[in-house]
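There are 2 protein chains.
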Amino acid sequence: MPMLPPEVRSLLEEMRAERIRGASWLARKGAEAYIVLSELLEGKELENALMEMRREIPAVNRTMASLYNLTRFIPITGDPDRVRTRAEEFIRLGEEAKREIGNIGSELIDENEVVITHSFSSAVLEIFKAAKKKGKRFRVILTESAPDYEGIALARELESLGIPFEVITDAQLGLFAGNATLALVGADSVTRDGAVVNKAGTYLLALACHEGGVPLYVAAESFKLHLELTSEEIEIVERPYARQGYRVRNFLFDVTPWRYVRGVITELGILVPPKEI
Amino acid sequence: MPMLPPEVRSLLEEMRAERIRGASWLARKGAEAYIVLSELLEGKELENALMEMRREIPAVNRTMASLYNLTRFIPITGDPDRVRTRAEEFIRLGEEAKREIGNIGSELIDENEVVITHSFSSAVLEIFKAAKKKGKRFRVILTESAPDYEGIALARELESLGIPFEVITDAQLGLFAGNATLALVGADSVTRDGAVVNKAGTYLLALACHEGGVPLYVAAESFKLHLELTSEEIEIVERPYARQGYRVRNFLFDVTPWRYVRGVITELGILVPPKEI
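Protein chains in written order, with the numbering used here: chain G, 1 to 277; chain Z, 1 to 277.
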């Protein structure tokens, strides 16, 4: 029975335990696990381990297309150099994708734009950075994103970039969507049928934006597009959470149908819904 | 310059400081302030104090129709007995209204109903109690309602009543609305044009229910109907709140338009939107 080396197991454990950072971080961490593996094993042992990685990496989080796509990007081979080269290429392509998403997405931000977002997306942050670099003045409305408060991490980043922002509670998304002129969110996955899987609450933001006539765009590297999964097959991960002794349900994601998404900003350009969806 | 007695001032202070309980509790507390006043003053002094109460009581929270209606219910008079009698009548009518809302509302709960709610409404709780008393089996999905977690207070009530429930984070309202067959919320006010002012997040629940075909009803005593205020004139109270050193906006209410409300359950029957709204 094949066994992954403890160094790789502990990286997988770290990925499973991560609460704040999203799909891009996880994908990168997964690629690093492949690099570690290429330093430890070769030949038949490496091949067996790579086969196990094809099961283990997507199992970290089944809704994350990035993990699935990563395992398909790395060949099953006994040659450690090929594994390392592909894993490094995956990381490099991801970094380039994020920069390009920043470039493309920042063109959507006009002077005095008020951008509303939910949770923390590194791709959305990249858009804010690029827009700031282009000298655009805009402000951001963001949710604290209970119960892990990754919104506060975003607030910290915006503060250090000198971008004005306002933090709101999640329940005020409906109240503040009308104050925004543009909505930008990340994605953990985009399914074959165009559904956007992202932090729970994104669907509520999408509904409120639709109601208020605010265009909502999703920023997602192309490796977040899941070409096999449909919206019916999504299994949403739940993490334990309690408040004052009561168990509180804590599904991490919700699913926003294509019809509420104006476009998906990828490194290849902005995807818009095909007519048949 | 007229001055309210310190006993009454401290009751007003208590009303302003209250974070968990809603419009019904506030209205009752306001009526109690009138009773205290009737025990302390009479004649011209009482009249002056009553005039001050007409300004001070609604100022506790301008979106609360109950406070406005209470001050209109109490006559400006120098006769302490008339003040006490009317204040006691207001309290009694409020209690009767809540019981009747329980009766009427519980008829909406069918066997195996799954009811979703947001925040803590004593009128909604009354409906749950009445339905339970009628022997109906149903379950409740409720939000924790950050940042004051009044949902946990509701969970405690449901637990003691033996009604099964599930607590969710506010951001999961979109995810869970589709699991419900009925939505019930309270109201702090219903405006002339039928807008429902209730805890921030209610509007998001209404949008998600509309999307999922789940009928949403509002439970509100008739003293919560504001016959003068329109939805444009609503001023939403904000309370200070911070998270990890960052100021977080904390408007208490949002506004749900008539078109997302199937009906308002009052003690007089269920109000449905007139055609022109």
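No residue lacks a Cβ here, since even glycine has one placed at the ideal position from N, Cα and C. Remember, predicted model here, so these are calculated numbers, not experimental data.
- Between Z:GLU56 and Z:LEU4, the C-beta gap is smaller than 8 Å, which places the two residues in contact.
- Proximity of chain Z to G:VAL248 at the Cβ level (cut-off 8 Å) is accounted for by GLU144, VAL167, ILE168, THR169, in chain order.
- About 6 Å separates the Cβ atoms of G:GLU157 and G:LEU125, confirming a contact at the 8 Å cut-off.
- Neighbours of Z:ARG243 in chain G, taken as residues whose beta carbon is under 8 Å from its own, are GLU144, TYR149, ILE152, VAL167 in chain order.
- For G:GLU157, not one C-beta of chain Z is nearer than 8 Å to its own C-beta.
- Distance from the CA of G:TYR246 to the CA of G:TRP258, rounded to the nearest whole angstrom, comes to 35 Å.
- With respect to Z:THR77, Z:ILE234 sits apart: the two C-beta atoms are not nearer than 8 Å.
- Cβ-Cβ distances below 8 Å link Z:ILE168 to ILE141, LEU142, THR143, GLU144, LEU175, PHE176 in the same chain, with the five nearest sequence neighbours on each side left out; the list follows chain order.
- Put simply, the region 42-53 of chain Z does not touch the region 237-256 of chain Z. Fewer than three CB pairs are less than 8 Å apart.
- The region 174-216 of chain G is shown to contain whole beta strand (DSSP E) runs of 3 or more residues at 182-185, 196-199, in chain order.
- Taking C-beta atoms as the reference points, Z:ILE74 and Z:ALA65 fail to come closer than 8 Å.
- Note: G:ILE141 is bridge-paired with G:ILE116, G:GLU166 in the DSSP secondary-structure output.
- Annotation for Z:TYR149: no beta strand (DSSP E) segment contains it, and DSSP assigns it neither H nor E.
- Contact annotation: the region 118-137 of chain G touches the region 181-198 of chain G, with at least three C-beta pairs closer than 8 Å.
- In this structure the region 79-96 of chain Z does not lie against the region 205-220 of chain Z, because fewer than three pairs of beta carbons, one per stretch, are closer than 8 Å.
- As the crow flies, the alpha-carbon of Z:ILE101 is around 19 Å from that of Z:ALA195.
- Note on geometry: alpha-carbon atoms of G:LEU225 and Z:PHE128 lie some 44 Å from one another.
- Contact of G:PHE138 with chain Z is not assigned, every C-beta pair being separated by 8 Å or more.
- Closer than 8 Å to the CB of G:GLY269 there is not a single CB belonging to chain Z.
- Apart from the 5 residues on each side of it in sequence, Z:ARG239 sits with its Cβ closer than 6 Å to the Cβ of ASN250 in its chain, given in chain order.
- Within 10 angstroms of the beta-carbon of Z:LYS133 lie fewer than 16 other beta-carbons, which makes it exposed.
- Taking C-beta atoms as the reference points, G:VAL272 and G:ALA220 fail to come closer than 8 Å.
- Membership of Z:PHE251 in any beta strand (DSSP E) is not indicated, and neither H nor E is assigned to it by DSSP.
- Contact with chain G is absent for Z:GLU100, since none of that chain's Cβ atoms lies less than 8 Å from the residue's Cβ.
- In this structure Z:ILE20 is exposed. Its beta-carbon is surrounded by fewer than 16 other beta-carbon atoms within 10 angstroms.
- One finds nothing in chain Z with a Cβ atom closer than 7 Å to the Cβ of G:ASP188; even the nearest lies about 14 Å away.
- Pairing G:LEU154 with G:THR191 gives a Cβ-Cβ distance that is not under 8 Å.
- In this structure, the CA atom of G:LEU108 is about 51 Å from the CA atom of Z:ARG54.
- Pairing Z:GLU111 with Z:LEU182 gives a Cβ-Cβ distance that is not under 8 Å.
- Separation of the CB atoms of G:ALA146 and Z:ALA171 is rounded to 7 Å, and the pair is thereby assigned contact status at 8 Å.
- Listed by position along chain G, the residues whose Cβ is nearer than 9 Å to that of Z:GLU111 form an empty set, because the closest Cβ is around 24 Å away.
- In the displayed model, Z:TYR241 falls within coil according to three-state DSSP, outside both helix and strand.
- Neighbours of Z:ALA183 in chain G, taken as residues whose beta carbon is under 7 Å from its own, are absent, since the nearest beta carbon is some 14 Å off.
- Excluding the 5 residues flanking it on each side, G:THR256 has same chain C-beta neighbours closer than 6 Å at VAL196, THR202, TYR203, ALA206, in chain order.
- In the DSSP assignment, G:TYR246 forms a beta bridge with G:ARG243.
- For G:THR266, the beta-bridge partners assigned by DSSP are G:GLY269.
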